[in-house]
Each structure stands twice: as structure tokens, then as C-alpha cells.
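All remarks here apply to the structure that follows.
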Amino acid sequence: AQDPPGGESSARASDVAGAPPRVEPPPALVPVGPSDADQVQTLIAQWARAYAARDARGVDAVMPGAEATYARQFSGLRSASTTLAGCQTSIDGTRATATCTEQFAFELTVGGSNRGTRQRRFVLEKRDGEWRITSTSIGQ
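Position in the sequence shown counted from 1, then plus 313, gives you the working numbering.
Right, here's the structure in full:
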């Protein structure tokens, strides 16, 4: 074969007999993090651990602005426990709600105790890519 006028060759290296075939690099892998639902469940579990430990700062870590309120609440408790199960989560963009069955028990510092099962509802919001609990409420 002759080169076309101007001395440029139209043959590529992969077209030349004996040259290895051209191999495209694989597409870059995009790291996949936890889903929104997983992140919401993780926050709720962190809240429950902090609540059971009577750790107002731990609650504040997942529910910013709540430290003072929970510190007052925890100061009246000698012990507390909470277990959340069967959480039903609904996510709509940057807002989420979760309703869980809560088994709880607490003992007050000045006598009295309570235990039982109730529904606890969490409202969450995603800001700057991070989920945070904005409120909780208790049902029967």
C-alpha cells in the first residue's frame, strides 16, 4: 500500500498486521455509599444508643440543637433503655419520616419508673448531603 499524497498514512497501529488490538481502559468505578434508607436507619440507631446511655451530646450529634433539652430530660433519669424495631421509613427527596415500635423502660432519680411499648416517629432532613433528625414524637 502506498501513502496518500502529503505523506500521511491512513493506517492506524491496530490496523497494521501483527500489531496488538487496541484495548480501551475500563470505565472508572464510582464508589457507592450507603443508600438514603441505610443512612436514615443508622441515624435512628445512633439516637437510640445515645438515649439509652443518657448521652445528650450523642443525641445532639444526630439531632442538632437537642443537647440542652435532652440534658434536662436525662438529669431526671436514674436509668433508661430503649429498643426500636419494625421501623417503617418513607423518604421523599431531602425529607424522611420513620415510625418505629419502641420498647422502653426508665427509672426516675426521685422514685417511680415506667416501661412499655409505644410508637416513636422521627422526622429527618438532608442538608448538604447529610441526614439529620429534626424532631421525634411519641404515639401510643
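Heads up, the beta-carbon is just placed ideally off N, CA and C, and yes, glycines get one too.
Residue i (DSSP reduced to helix, strand or coil)
i, result
"GLY389", "coil"
"THR355", "helix"
"ASP368", "coil"
"THR382", "helix"
"ARG335", "coil"
Those residues which DSSP pairs with residue i across a bridge
i, result
"ARG440", "GLU443"
"GLY429", "PHE417"
"ALA411", "THR402 and PHE435"
Residues near residue i in its chain [Cβ-Cβ closer than 8 Å; skip 5 each side]
i, result
"LEU390", "ARG367, PHE419, GLU420, LEU421 and THR422"
"THR449", "TRP360, MET376, ARG433, ARG434, PHE435 and VAL436"
"VAL372", "TRP360, ALA363, TYR364, ALA379, GLU380 and TYR383"
"THR407", "GLU438, LYS439 and ARG440"
"ALA374", "GLN359 and ALA363"
Inter-residue Cα distance where the pair is residue i and residue j
i, j, result
"ILE446", "VAL345", "23 Å"
"TRP444", "PRO339", "33 Å"
"ALA350", "ALA379", "23 Å"
"GLY452", "ARG431", "6 Å"
"GLY388", "THR396", "The amino acid occupying residue 388 in the given sequence is Ser; Gly does not appear at that position. Answer to the nearest angstrom: the Cα atoms are 20 Å apart."
"ILE355", "THR382", "It is Thr, not Ile, that sits at residue 355 in the sequence shown. Each residue's alpha carbon lies about 22 Å from the other."
"ALA363", "GLY425", "22 Å"
"ASP405", "GLU415", "24 Å"
"GLN352", "GLU337", "36 Å"
"ASN427", "CYS413", "19 Å"
"GLY442", "ALA409", "14 Å"
Whole-angstrom C-beta distance between residue j and residue i, which should lie under 8 Å
i, j, result
"GLY399", "PHE417", "The Cβ separation is near 14 Å, so there is no contact."
"THR402", "ALA411", "4 Å"
"ALA384", "ALA369", "4 Å"
Proximal residues to residue i (C-beta, below 7 Å), its chain only, five neighbours per side dropped
i, result
"GLN386", "none"
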